[in-house]
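Enquirer: Numbering (my numbering), first residue to last: 11 to 106.
Ideal Cβ positions, reconstructed from N, Cα and C, are used throughout, including at glycine.
All values reported here derive from a predicted model rather than from experimental measurement.
1) For residue 73, which residues of its own chain have a beta-carbon under 6 Å away from its beta-carbon, when the five flanking residues on both sides are left out?
2) Could you check whether the stretch 17 to 24 touches the stretch 49 to 57, counting it as contact only if at least three pairs of C-beta atoms, one from each stretch, sit closer than 8 Å?
3) If we count the other Cβ atoms within 10 Å of its Cβ and call it buried at 16 or more, is residue 13 buried or exposed?
4) With DSSP as the reference, identify every bridge partner of residue 25, one or two as the case may be.
5) Could you check how far apart the C-beta atoms of residue 82 and residue 62 are, in whole angstroms? I think they sit under 8 Å.
6) Under DSSP, the alpha helix (DSSP H) around residue 46 begins and ends at which residues?
7) Find the nearest neighbour of residue 33 within the set 17, 45, 43, judged by alpha-carbon distance.
8) Keeping to the same chain, check which residues put their C-beta closer than 6 Å to that of residue 15; ignore five residues upstream and five downstream.
9) Please list, in chain order, all residues of the same chain as residue 30 whose beta carbon is under 8 Å from its beta carbon, the five residues on each side excluded.
Laid out in structure tokens, this is it:
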């Protein structure tokens with residue numbers, strides 16, 4: 011998971027900001043011709059809002075830390091990790 015976190019944290023400051031997350035989501039979804047850039051942004055914004063819920067009411071949320079990232083990945087089963095359900099798409103891996 012550290013490698014995945016660092017892929018998102020493009021400036022390597024120890025947190026994934028909204029813009030960094032938007033960039034990753036837009037890049038991942040750029041191959042779908044039926045999905046507009048604004049839809050990708052909405053997906054990223056929603057995910058970041060969900061992540062911000064871990065903050066206390068007196069905290070300023072500046073991004074996802076590695077510790078937060080680990081918390082989000084814990085308890086997610088492998089099927090959920092491998093499917094992009096919110097896009098109603100199915101991904102099939104082809105092994106040769």
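Expert: So, from the listed chains and residues:
1) Start at 1 with the first residue of the chain shown, and residue 73 comes out as number 63. 25, 26, 27.
2) no
3) Position 3 of the chain shown, counted from the start, is the residue given in the question as residue 13. Burial call: exposed.
4) Here the question's residue 25 lines up with position 15 in the chain shown. Note: residue 25 sits in a beta bridge opposite 75.
5) As a position in the chain shown, residue 82 is number 72, starting the count at 1. As a position in the chain shown, residue 62 is number 52, starting the count at 1. Incorrect: roughly 12 Å between the Cβ atoms, too far for contact.
6) In the chain shown, residue 46 corresponds to position 36, counting from 1. Looking at the DSSP string, residue 46 is not in any alpha helix (DSSP H), and its letter there is neither H nor E.
7) Counting from 1 along the chain shown, the entry for residue 33 is found at position 23. Per the Cα distances, 17.
8) For the purposes of this step, residue 15 is taken as residue 5 along the chain shown, with counting starting at 1. Result list for residue 15: 76, 79, in chain order.
9) Taking the first residue of the chain shown as 1, we reach residue 30 at position 20. The answer, listed in chain order, is 18, 19, 20, 21, 73.
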